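> Number 177 in our numbering belongs to position 116 of the sequence shown; there are no gaps in the numbering.
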Amino acid sequence: MAGGALLLTRPAAAQIASLEIFSVAAPGDGDDQLARAIAEGLNTTRLLPSAGPVSVPGDGGVKGLAQFVSGARPRPGLLVIGLGTLGQLVLRKADESLDHCRPLALLVGESQPVVVAAKSPIRTLDDLLAAIRGDPERLRWAGRLRGGADHQLALLTTMAAGGDPTRLNYVGGDERSEAAVMLLTGEADVATGDLGDLSAQIRGGTLRALALSSPSRSPHFDIPTFRELGVDVTLINWRGAFARRSIERGLISRVEEALAALVRLEGWRQLSSQRYWLELYEPADQFAALVARERIRLKKLFADAKL
């Protein structure tokens, strides 16, 4: 695995059907990165044989999810979905397709910094909250597609400031770099995104991070959390693996065992650190409960914003 090869620490597992590691995100996006890491990790360690990544982006995940749950593809598969994709599905009222999927494991997550351009008059989180209270429509937010983790954090920040979420001025883009570009060209006032996507600009000083959405600080950056600054906002863009409910139970058990072993490998931990991933592993039952809670929370959040 480039930039963090996984270490072979156990013999080959007994042979089972090859797997597609499926994501509904565009190539290079967070879900796709995780799908590729899982595939390469399983192949390198021989925890499972012949795992290959597949990306089917489009329509906020609706297109790819429909293809996955329909069983149209001939090979057994795992589906990688994160909070961002789940939010897009909920916003489009397409999340019921997930009822045909079995949660297998929560794997990783990413912190979300709220950032402004270095030259911005918004110097602190308090400045941002004051601007929201003054006129949320004048404050231009940038991030990824509506419904995703970036949009969710913009809504939560607006509500924490006492602003009206129905007046949020949010522009969602397709590209990972789009929000940073909009800040630097003056097309947006504030943005958020995965820490890994914004890390170079934060380190380089072209963007200033006001706060981090995770419960605790990142060991890689000196960025305070919302909670440290007295603001009750917490969000982690988690990601995990699902399977179709129609897949044979014996295969499901083997895959669950392989994922549990994969996240314990030193190479996986090194890769997680390099990509600023939070190691969040939870097995199937706990992950299923998280997904159920998040679907309820997101429906309420979007209803409060009249979306």
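Cβ coordinates follow ideal geometry from the N, Cα and C atoms, glycine included.
Since the structure is predicted, the reported quantities are computational estimates derived from the model, not experimental observations.
Residues in the same chain with beta-carbon distance under 6 Å from L126, minus the five sequence neighbours each way, listed in chain order, please.
Correct list, in chain order: V85, S158.
> Straight-line CA distance for S307 to I142?
18 Å
> With distances taken from CA atoms, which of D250, L326, N104 is nearest K180?
D250
> Check this for me: beta carbons of F303 and R163, under 8 Å apart or not?
yes
> Looking at the unbroken beta strand (DSSP E) that takes in T253, where does it start and where does it end?
251 to 253
> May I have the straight-line CA-CA distance separating I357 from G148, to the nearest angstrom?
If I take the Cα positions, the gap works out to 11 Å.
> On the criterion of 16 or more Cβ atoms from any shown chain inside 10 Å, does T146 qualify as buried, or is it exposed?
buried
> In the DSSP output, what is V294 paired with across the bridge?
None; V294 has no bridge partner.
> In chain order, what residues of the same chain have a beta carbon less than 7 Å from the beta carbon of A75, not counting five sequence neighbours either side?
Annotation note: pLDDT 40 at A75 (below 50); position unreliable, no value reported.
> In chain order, which continuous runs of the beta strand (DSSP E) of length 3 or greater are located wholly inside the segment 325 to 352?
You should have 339 to 343.
> Check whether the segment 177 to 195 and the segment 106 to 121 touch, using three or more Cβ-Cβ pairs below 8 Å as the test.
no
> Exposed or buried, P174, counting other C-beta atoms within 10 Å across all chains shown (16 or more means buried)?
buried
> In terms of alpha-carbon separation, which member of Y337, V242, P285 lies closest to R205?
V242
> Is G223 buried or exposed, if buried means 16 or more other CB atoms sit within 10 Å of its CB?
exposed
> Check whether the Cβ of L216 sits closer than 7 Å to any heavy atom of the ligand ADP, and report yes or no.
Because no ligand of any kind appears in the structure shown, any question about the ligand ADP cannot be addressed here.
> Is L68 helix, strand or coil when you go by DSSP?
Because the pLDDT at L68 is just 39, under 50, the model does not fix this residue reliably, and the point stays unresolved.
> Grab me the residues of I313's own chain with a C-beta within less than 8 Å of its C-beta, minus the 5 sequence neighbours each way, in chain order.
R163, L165, A304
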